[in-house]
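From first to last, the protein sequence lines stand for chains A and B. Note that the working numbering has the first sequence beginning at 3, numbered continuously upward. Note that the working numbering has the second sequence beginning at 3, numbered continuously upward. Where is the CB? At the ideal position from N, CA and C, for every residue including glycine. The next block holds one structure in the form of structure tokens; read it before the comments.
Number of protein chains: 2
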Amino acid sequence: MEPTLQDIRDAAARIAPFTHRTPVLTCATLDGMTGAQLFFKCENLQKVGAFKMRGASNAIAQLEPRLAAHGVATHSSGNHGAALALAARLMGVKAHVVMPDNAAAIKKQAVAGYGADITWCKPTMASRDEHLAAVVQRTGATIVHPYNDERIIAGQGTAALELLDEIPGLDVLMTPVGGGGLISGCAIAAKSLQAKIRVFGVEPEGADDARRSVAAGALVPPMSPASIADGLLAPLGEKTFAIIRRYVDDITVVSETAIAHAMRTIWERMKIVVEPSSAVTLAAILEGKVDIRGRRCGIILSGGNVDLDRLPWLAE
Amino acid sequence: MEPTLQDIRDAAARIAPFTHRTPVLTCATLDGMTGAQLFFKCENLQKVGAFKMRGASNAIAQLEPRLAAHGVATHSSGNHGAALALAARLMGVKAHVVMPDNAAAIKKQAVAGYGADITWCKPTMASRDEHLAAVVQRTGATIVHPYNDERIIAGQGTAALELLDEIPGLDVLMTPVGGGGLISGCAIAAKSLQAKIRVFGVEPEGADDARRSVAAGALVPPMSPASIADGLLAPLGEKTFAIIRRYVDDITVVSETAIAHAMRTIWERMKIVVEPSSAVTLAAILEGKVDIRGRRCGIILSGGNVDLDRLPWLAE
């Protein structure tokens, strides 16, 4: 069952002890550059540095005790693994995370630092699935999918719930699109609260399965997705795709150059650290892919986990 | 006359239309690393990316109209020039900024972007003073000193006023020390509101005139100050020194290595961009120079203006 606004409200109450209510920042310079009023919901300042903490907390908090006793499990090279690890620890639940052995050192440290039990696998989907199945068989842990799960979708939607509660009268809401958990939950919240708000998703040109799926009217699996926005490479799931078709007004794509430029612009002008995935929305605005002139536009900045030794503008 | 708590409250009301009420962020990981509860007042997220916007706004807002008509002037290679330029523009006042021709490109762009009239000088104090005098003679502008001025001191104190209003029961307040405007205003606010709070200042080893002045009981001018914390090179003024002697409990110094490490730690863990000057307080805590274990400690992060092409950890 597709989550409702009430599910998202319930999630907000449930996750409040385990998450930050993140600030909404504005920037007069960016308003001047875009001719709009931008309101940035800073999920890079969320615990574990990403909105993923919302969904993970909401999923674990609803586990029946007899299941929670066996822990939770997932495979992840990114923010979902860290979020599941921390949310589990805060609730006294064991977390098992299957990680590819080539994952970024900073991600390995984060997941280990949050006390998860890590199983290393090869960097292929087959190896991930195989190792995860073995972990589940051994431990009885409950698998928590990173996005194709109603509890996760409802949890991510709390970001939009908070934003719309704090900033009234938004005309537009924009989020990045990876597997679709964030935009699904946020679109349900936004359209339920303000029927006339327009919801736009943005993805990298090199990982544009959401745009192609919407155009085709059926899930189109991505063909070797690639982008510096490494949080946006996952394919849509069936549940997130159904919600996107129903609630999202348009999906836009942006170039790698535009993502790197927008990311640097956010660092320089807003003084916050965002990862490339967070910058796709501003990239779309600065590239003129969406017209928000004169509008009040909410933007979800999804995360801030980035290797400070390897910044896109120092790539040479 | 030394500013009073009432002066700082008046300043807060006066500057509200021209400044952000900046967020206070916490970080569970840093609390764990330090054994304390840290509350970071994020002046890097202030307009122009620095607390300087507070003092500049407070000074210009109090100019008599017959003076304001001739504009304001200062010399600055840093954040005060940008703050004066923007605050002046927001109040419809002309700003004249004397800048050394070797100032960082990002600072030049900022001051120019805020619409100030820029006069280039050589990078010596004599050349700065000479050009500033010429500007004043030509225009009749009022000089606004970056820190040795009661209106500036009261304006900077509003950062502590907001922090203590939002976070009750702080045991300690820490700020960086450059010319002393920030710590002076914040110490008056903090000690007036909570007599038992301890106020600590931190400066770089290579620019430790505040520590030496306090020890000597008289202003000791700095000898060729040098540090990556380029916002902390200015010498104390007579007014700020008098307030520091009266209200500040201790001045601590930190090494360049500790500053760079603390700066990177803030970026990685808190996902915010701070300049080296902002990181001296956390550096002192992580180096064990101040003992705040078990305490609730407020920290003013002073600014976030940094050249993203030249980060200390990429210096090789």
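Please report how far the alpha carbon of Gln64/A lies from the alpha carbon of Lys109/B, in whole angstroms. 51 Å
Identify every run of the alpha helix (DSSP H) within the stretch 138 to 208 of chain B, keeping only runs that are complete inside it and at least 4 residues long; order them along the chain. 152 to 168 and 183 to 195
Output needed for Pro25/B: all residues of its chain with C-beta closer than 8 Å, excluding positions within five of it in sequence on either side, in chain order. Excluding the 5 residues flanking it on each side, Pro25/B has same chain C-beta neighbours closer than 8 Å at Cys44 and Leu47, in chain order.
The alpha helix (DSSP H) that contains Gly115/A, what's its start and end? Ala107 to Gly115
Please list, in chain order, all residues of the same chain as Thr28/B whose beta carbon is under 8 Å from its beta carbon, the five residues on each side excluded. Same-chain partners within the cutoff: Gln39, Leu40, Phe41 and Phe42.
Whose Cβ in chain A lies nearer than 8 Å to the Cβ of Asn46/B? Lys273
Would you kindly check if the distance between the Cβ of Ala75/A and the Cβ of Lys54/A is under 7 Å? no
Distance cutoff 7 Å, beta carbons only. Does Gly51/A sit that close to anything in chain B? yes
Could you say if the stretch 173 to 183 of chain B and the stretch 151 to 163 of chain B meet the contact criterion of at least three C-beta pairs nearer than 8 Å? Touching, yes.
Helix or strand or just coil, what does DSSP make of Lys1/A? Any question about residue 1/A goes unanswered here, given that chain A covers just 3 to 318.
Burial state of Leu238/A (16 or more Cβ within 10 Å): Classified as buried, Leu238/A has 16 or more neighbouring CB atoms from the shown chains inside 10 Å of its CB.
Among residues of its own chain, excluding the 5 on either side of Met101/B, which ones have a beta-carbon nearer than 8 Å to its beta-carbon? His77, Ser78, Ser79, Gly83, Lys109, Lys110, Val113, Ile120, Thr121, Trp122 and Cys123
Short CB-CB distance (under 7 Å) between Pro25/B and chain A: yes
Would Leu316/B be called buried (16 or more neighbouring beta carbons within 10 Å of its own) or exposed? By the Cβ neighbour-count rule, Leu316/B is exposed, with fewer than 16 other Cβ atoms within 10 Å of its own.
If we count Cβ pairs, one from each stretch, closer than 8 Å, do we get three or more for the stretch 204 to 214 of chain A versus the stretch 250 to 262 of chain A? yes
List, in order along the chain, the chain B residues whose C-beta lies closer than 7 Å to that of Leu310/A? Arg266, Trp269, Glu270 and Trp315
Since Gly306/A meets chain B, which of its residues come closer than 7 Å, beta carbon to beta carbon? Under the 7 Å cutoff, chain B gives Lys273.
Would you identify the three-state DSSP class for Asp309/B, choosing helix, strand or coil? It is coil, neither helix nor strand.
The alpha helix (DSSP H) enclosing Asp12/B, as first and last residue numbers: Leu7 to Ile17
Distance check for Cys188/B and Arg153/B, CA to CA, integer angstroms please. 13 Å
Can you tell which of Arg298/B, Ala286/B and Ala71/B has its C-alpha closest to the C-alpha of Ser166/B? According to the sequence provided, residue 166/B is Leu. The question's Ser does not apply to it. Looking at the Cα atoms, Arg298/B is the closest of the given residues.
DSSP state of Pro224/A, grouped into three classes? Correct three-state label for Pro224/A: coil.
Local conformation of Thr283/B per DSSP, three classes: helix
Go through its chain and collect everything with a Cβ distance to Glu277/A's Cβ below 7 Å, but skip five positions before and after it. Gly233, Gly305, Gly306, Asn307 and Val308
Cα separation between Asp211/A and Arg312/B? Looking at the backbone, the Cα of Asp211/A and that of Arg312/B are separated by about 37 Å.
Is Tyr149/A closer than 7 Å to Thr283/A when the C-beta atoms are compared? no
Run through DSSP, which three-state label would Val95/B get? coil
Quick one: what does DSSP say Leu27/A is sitting in, helix, strand or coil? The DSSP-derived three-state label of Leu27/A is strand.
For Lys198/A, count neighbouring C-beta atoms within 10 Å of its own C-beta (all shown protein chains included) and say buried if the count is 16 or more, exposed if not. Lys198/A comes out exposed.
Beta strand (DSSP E) containing Trp122/B: first to last residue? Residues Asp119 to Cys123.
Pro237/A - DSSP class collapsed to helix/strand/coil: Of the three classes helix, strand and coil, the one that applies to Pro237/A here is coil, per DSSP.
Comparing C-alpha positions only, which one of Pro314/A, Gly94/A and Val292/A sits nearest to Gly37/A? Val292/A
So, for Ala30/B: in the same chain, excluding its five sequence neighbours on each side, which residues have a beta-carbon less than 8 Å away from its beta-carbon? none
If the criterion is Cβ atoms closer than 7 Å, does the pair Pro340/A and Ala156/A meet it? With chain A covering only 3 through 318, there is no way to say anything about residue 340/A.
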